[in-house]
Amino acid sequence: MGLCLLGWNTVPVMCLLQGITSEGVCYPSVPYWRCFQDVHVMIFVGFGFLMTFLQRYGYSSVGFNFLLAAFGIQWALLMQGWFHSYKEGYIHLGVEEAGLINADFCVGSVCVAFGAVLGKVSPVQLLIMTLFQVTLFSVNEFILLSLLEVKDAGGSMTIHTFGAYFGLTVTWILYRPSLHQSKERQSSVYHSDLFAMIGTLFLWMYWPSFNSAVSKHGDAQHRAAINTYCSLAACVLTSVALSSALHKKGKLDMVHIQNATLAGGVAVGTAAEMMLMPYGSLIVGFICGIVSTLGFVYLTPFLESRLRIQDTCGIHNLHGLPGIIGAIVGAVTASCANAKVYGIKGLANFFGFDGFKTSWDSSMQGKFQAAGLFVSLAIALVGGIIVGVILKLPFWGQPADENCFEDSVYWEELKSTVLHPEDSTLKPAEP
Amino acid sequence: MGLCLLGWNTVPVMCLLQGITSEGVCYPSVPYWRCFQDVHVMIFVGFGFLMTFLQRYGYSSVGFNFLLAAFGIQWALLMQGWFHSYKEGYIHLGVEEAGLINADFCVGSVCVAFGAVLGKVSPVQLLIMTLFQVTLFSVNEFILLSLLEVKDAGGSMTIHTFGAYFGLTVTWILYRPSLHQSKERQSSVYHSDLFAMIGTLFLWMYWPSFNSAVSKHGDAQHRAAINTYCSLAACVLTSVALSSALHKKGKLDMVHIQNATLAGGVAVGTAAEMMLMPYGSLIVGFICGIVSTLGFVYLTPFLESRLRIQDTCGIHNLHGLPGIIGAIVGAVTASCANAKVYGIKGLANFFGFDGFKTSWDSSMQGKFQAAGLFVSLAIALVGGIIVGVILKLPFWGQPADENCFEDSVYWEELKSTVLHPEDSTLKPAEP
Amino acid sequence: MGLCLLGWNTVPVMCLLQGITSEGVCYPSVPYWRCFQDVHVMIFVGFGFLMTFLQRYGYSSVGFNFLLAAFGIQWALLMQGWFHSYKEGYIHLGVEEAGLINADFCVGSVCVAFGAVLGKVSPVQLLIMTLFQVTLFSVNEFILLSLLEVKDAGGSMTIHTFGAYFGLTVTWILYRPSLHQSKERQSSVYHSDLFAMIGTLFLWMYWPSFNSAVSKHGDAQHRAAINTYCSLAACVLTSVALSSALHKKGKLDMVHIQNATLAGGVAVGTAAEMMLMPYGSLIVGFICGIVSTLGFVYLTPFLESRLRIQDTCGIHNLHGLPGIIGAIVGAVTASCANAKVYGIKGLANFFGFDGFKTSWDSSMQGKFQAAGLFVSLAIALVGGIIVGVILKLPFWGQPADENCFEDSVYWEELKSTVLHPEDSTLKPAEP
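What follows is the structure in structure tokens.
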């Protein structure tokens, strides 16, 4: 058993998949349509319900997420079509190469940013934010994938890091000093946390599809799915363990279970399709569970009190830090890639070392990966400041400080009581 | 950008998918099994939870939907087997050609009709309705698809129009003049609307699979999925916009978000697999969001007060009107089909212009599509009257007027209070 | 119609699928990745939410299920890797042959056992139970599949029978004579039952994927899915009918709808991939709905009062009895297999009658199937006693008798009240 563990954990060659050194064609491909539907579920049910933890903001969490995602998808089809599939005057649309999956990914980064401003903005502000963020996402993605030739299958940089720091910058600009007036509503109740668990679980379960959706068919796709699966499983354990360890009575906190357990999926986004190996994935997930939980306990209060960043869902701990970790892991993994593991053809094929990249080696690829992280951060910060200033204009219908996290500002007739059976005088059913 | 928008919106040829003029074989097919599972989720979770919006009828919504769907599936396998796959004395069963997907589709039309009578009928009445409706559905589908050779991949006519007008006719016959006695229960509470959103989202997300499930493999299947996706996305925007615009304080109504957002999927049911083009789909979705929301605000109250049609879930706005629009869009799109877009072989291949249809052209196909709509409506109305009269017989255990929309008539021991933590004297956990 | 029914019900040859006598290659295979994701949903959302029916134990049901499944998956990858895919010092990992699906199956049996001890054990006890049960599962599976060469695609024996009797033995050892002190919390409330229906429906819908996930590609896989689908549909009808028939006022019981409707999937686990035929599946489902509902009404109270087995979720009725029925059905179906139905090559190919099994016939296979059931029961009982004794040690943080079924022992800050709209003084939204 010891030998087995050793073998599993330390020797890369032939460990993950048989035939791994071939040119990436020995494993059957997963149909894109399948991954597309899984990603779709993550965007609409996953992100939508994850944010229903607020006791009085469930309609808006699900409803506004639905609205901005549907709007973002259409705008993203146009923007991404313009950048990637514009030929002879037409935009070409498809499930795979041009379009639907990429549009969902793009909207994913908006959903991330939505988590930071949740409860404090109006639907009009959300639509404006979506409009700008989709545009910036497309520019950033074009720079990373097409100009820098960075690998980022699961979007650690393009989706999570970009989305998180964009959202955090926006919420920093929109700082509300009197938000404590809504403090009583900025918490969960029993059933709202159960609704949020629906979101958590669908995100967690379909994350392997997310990270492998746009990988090269075959081996790389399988690797991406397996690495993500391992990382997520490890992340759950450390999140739960640390959540209990940091509580004075050893109790668990629903916030950590809902969020920190997902950090492992974010952090293998870039490296998942590479030869990270299962043991590498487990280590990444292990670390991210710790970092993310620590972030919720210590960093989020610090950000709010000192840096005036009011991060409603704690996206800095779920997408920001793990996204950066993911970008670094990706850069390191790319740097360490060698022909012994990938095969000579496989290495060139996987990283696309042809065209202007003919003279590149793994180390160069690693440097460009790191550059991609800084470009994403820069665009997120600058874009976030601009969009934040636009959203600060006083005519977008934003709620007053004492009305934040409250559905009844935007939704008709809310009732929160259930008629009790004893209230209604029942007659027996007819024969 | 302007050019791009123009290209995307106005030029049909080569716009949607490359290689579109070939004989429909250039795109890989989506496995049927996949679409089958997605449709399965729509029937059981989608329709089941969509109807849980009623505050005191959640058990029945999910439970009776489960019951009638499970019963309907078995009966549909027999009925459809008899019409479509009866060979040498045996019914042949398969996931694709004969059976499971078609049985689910058939049950879908029963779920639609269930929405009209929701809360006012007993489980026994539902089973009787299912028995008759599945039979009538199979007859109607056989006439449309096998005799009239109509195209209806997503079932705008066979599923939605037929199901809606059948259900509306039944509820018209079962008119209850004293239903106002249960008025207090015919509304939602906070968490019941969140449960309903689970249904809405799963229907919305998997609708592209629904509309493409029985399309010809390859191109037609991809077109169906992409067109449905575009139509649904557009529909969300106009539903939300109009819901807000029609409220005197600009607030949103959960009923519209839950229902009208889905109308776009109904309305591209027939035309989705044809050359509707993305811009066509967006227009259809755009219009349906408006029509459906207007229907909820103005038409449903009118139907109830003037025509004595008590439509609990508003299926006339979600399935009835959009189904008719879908049938018309399908007829027009079929009429406009030409060899320039489909290719000569592609056109004949797609519409099956051989056998007794050798002399047909697109215009003839369009006329038969229109005929299919009228046949569906006629069978729905006549069948609905007959079934309604049968269900009006007084010995099916129907609830009294003051017990409608109430679970406790049919379900044991309902409690609606949660024990509060402070109620239970807790001892600390053992070491 | 009569003829058709006859044909469907009684003649096996050529009835289920065309080309059935070939060597199992004529139907396209379903990608494993797809089934894997469906099984994943069943483990995390299905089992997790199925157990949220307890009014004060929702966090723990979903959260601890999440924890033990994530832990179990990792341990199972190692254990199963050691038994099945250990080559040249390394464990080989893949979605299909070695790994992810099998790890999920293995965890499935832990989730089953969790249902018996639900509410009465601490998370530490659950992790210990998972550790041992995964190990025992792997040993048992190795004996059945690799030594006895038993067929058990859907795991009636390896997953359900083993998991149920293991869990029942553990809860028998952990018997709490004063559990009545928590009786008030060992029941459901309105919305907790709706959450549980989410679990029920996802288990029900994806069960065909579960039973067909590790079948031989092609025909066997299609048969497994279709047989499971038929059995589940029949099971819903008898469960509902009997639930109503056994109530003195004819009302339905949510417990039966949530659980007994699934028994049909358990009971075709072994035989699903064999030539059970649709009529056979319907009969199995029909019987299991009856047995399972009767079990909930009469057997569970008996087990608790006389045998001191406190079975929180009634897993004996959902997994125990149907698992044994499934094993028997599998043994009988295997015994009856003949070359007329499978074809000569098909028979040898399907049951693997080569190597040391060259001299076997169907009857011998049937005997080994029966032997597999007894081995599973023996390992479950012996293992359950050992693990139960370990868990009875007083330092695992188990809750006191009066704190069972209570989240607040392990979870921070529970609130069960929702702020009412009228409570919060709202100002109108800014322009």
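Chains as they are written, first to last, in UniProt numbering: chain A, 1 to 431; chain B, 1 to 431; chain C, 1 to 431. Beta carbons: idealized from backbone N, C-alpha and C, even for Gly.
Cα-Cα separation between residue i and residue j, rounded to whole angstroms
{"i": "residue 84(B)", "j": "residue 317(B)", "result": "32 Å"}
{"i": "residue 188(B)", "j": "residue 190(A)", "result": "19 Å"}
{"i": "residue 411(A)", "j": "residue 249(B)", "result": "10 Å"}
{"i": "residue 362(B)", "j": "residue 150(B)", "result": "12 Å"}
{"i": "residue 303(C)", "j": "residue 310(C)", "result": "7 Å"}
{"i": "residue 178(A)", "j": "residue 403(A)", "result": "11 Å"}
{"i": "residue 241(B)", "j": "residue 164(C)", "result": "52 Å"}
{"i": "residue 244(B)", "j": "residue 276(B)", "result": "30 Å"}
{"i": "residue 27(A)", "j": "residue 100(C)", "result": "For residue 27(A), the predicted model reports a pLDDT of 46, less than 50, meaning its position is unreliable; a value from the coordinates is still stated below. Cα to Cα, residue 27(A) sits roughly 15 Å from residue 100(C)."}
{"i": "residue 440(C)", "j": "residue 197(A)", "result": "Nothing can be reported for residue 440(C): it is not among the residues displayed for chain C, which extend from 1 to 431."}
{"i": "residue 46(B)", "j": "residue 314(B)", "result": "16 Å"}
{"i": "residue 329(B)", "j": "residue 325(A)", "result": "51 Å"}
{"i": "residue 268(A)", "j": "residue 261(A)", "result": "13 Å"}
{"i": "residue 202(B)", "j": "residue 82(B)", "result": "31 Å"}
{"i": "residue 396(C)", "j": "residue 176(C)", "result": "16 Å"}
Residue interval of the alpha helix (DSSP H) (run including residue i)
{"i": "residue 263(A)", "result": "263-267"}
{"i": "residue 159(A)", "result": "It is not in any alpha helix (DSSP H) - residue 159(A) carries neither H nor E in the DSSP assignment."}
{"i": "residue 313(C)", "result": "Residue 313(C) -> no alpha helix (DSSP H), and no H or E assigned at all."}
{"i": "residue 381(C)", "result": "362-392"}
{"i": "residue 359(B)", "result": "That residue, residue 359(B), is in no alpha helix (DSSP H); it is neither H nor E in DSSP."}
{"i": "residue 208(C)", "result": "190-212"}
{"i": "residue 185(A)", "result": "Element bounds for residue 185(A): n/a, residue is neither H nor E."}
{"i": "residue 252(B)", "result": "Neither: residue 252(B) is in no alpha helix (DSSP H) and is coded neither H nor E."}
{"i": "residue 58(B)", "result": "58-84"}
{"i": "residue 222(C)", "result": "219-245"}
{"i": "residue 175(B)", "result": "Where residue 175(B) is concerned, there is no enclosing alpha helix (DSSP H), given that its DSSP letter is neither H nor E."}
{"i": "residue 43(A)", "result": "From DSSP, residue 43(A) is part of no alpha helix (DSSP H); its letter is neither H nor E."}
{"i": "residue 346(A)", "result": "344-351"}
{"i": "residue 100(C)", "result": "100-117"}
Chain-ordered chain C contacts of residue i [CB-CB under 8 Å]
{"i": "residue 206(B)", "result": "Chain C residues near residue 206(B): none, gap ~11 Å exceeds 8 Å."}
{"i": "residue 432(A)", "result": "Outside the displayed range of chain A (1 to 431) lies residue 432(A), so it cannot be described from this structure."}
Residue i: contacting residues in chain B (beta-carbon distance under 9 Å)
{"i": "residue 234(C)", "result": "70, 74"}
Closer than 8 Å at the beta carbon, the chain A residues around residue i
{"i": "residue 38(B)", "result": "37"}
{"i": "residue 247(B)", "result": "412"}
Proximity test, Cβ basis, 7 Å: residue i and chain E
{"i": "residue 226(A)", "result": "The structure shown contains no chain E; the protein chains it does contain are A, B and C."}
Within chain C, partners of residue i - CB distance below 9 Å
{"i": "residue 360(B)", "result": "Going along chain C, no residue has its Cβ under 9 Å from residue 360(B), so there is no contact; the nearest lies around 31 Å."}
{"i": "residue 437(A)", "result": "The requested residue 437(A) is not part of the displayed model; chain A covers only 1 to 431."}
{"i": "residue 278(A)", "result": "77, 91, 93"}
Distance cut-off 6 Å: residue i Cβ against heavy atoms of the ligand GDP
{"i": "residue 90(B)", "result": "For the structure depicted, the ligand GDP is absent and the ligand set is empty, with no information on it obtainable."}
Within chain B, partners of residue i - CB distance below 8 Å
{"i": "residue 231(C)", "result": "Result: empty, since nearest Cβ-Cβ is about 11 Å, beyond 8 Å."}
{"i": "residue 289(A)", "result": "Simply none; closest approach about 24 Å."}
Under 7 Å from the C-beta of residue i: neighbouring residues of chain A
{"i": "residue 151(B)", "result": "The premise fails here: residue 151(B) is roughly 22 Å from chain A at the closest Cβ pair, so nothing lies under 7 Å."}
Per-residue contacts from residue i into chain C (C-beta, under 7 Å)
{"i": "residue 240(A)", "result": "67"}
{"i": "residue 129(A)", "result": "Per Cβ cutoff of 7 Å: no residues; residue 129(A) is ~17 Å from chain C at best."}
Review point. Name the residues in the segment 173-196 of chain A whose C-beta lies less than 8 Å from a C-beta of chain B; which are they?
Key: Under the 8 Å Cβ criterion, the segment 173-196 of chain A contributes 190, 191, 195.
Exercise for review: Run through the segment 120-157 of chain C for me and flag every whole alpha helix (DSSP H) of 4 or more residues, listed as ranges in chain order.
Suggested key: 123-141
Check your understanding: Which residues, in chain order, does the segment 304-322 of chain A contribute to contact with chain C at a C-beta distance below 9 Å?
Key -> none
Practice item. Write down every uninterrupted run of the alpha helix (DSSP H) in the segment 282-336 of chain B whose length is 4 residues or greater and which is fully enclosed by it, in chain order. Key: 300-305, 321-336
Exercise for review: Using a Cβ-Cβ cut-off of less than 8 Å, list which residues of the segment 255-267 of chain B approach chain A; keep chain order.
Suggested key: 257, 261
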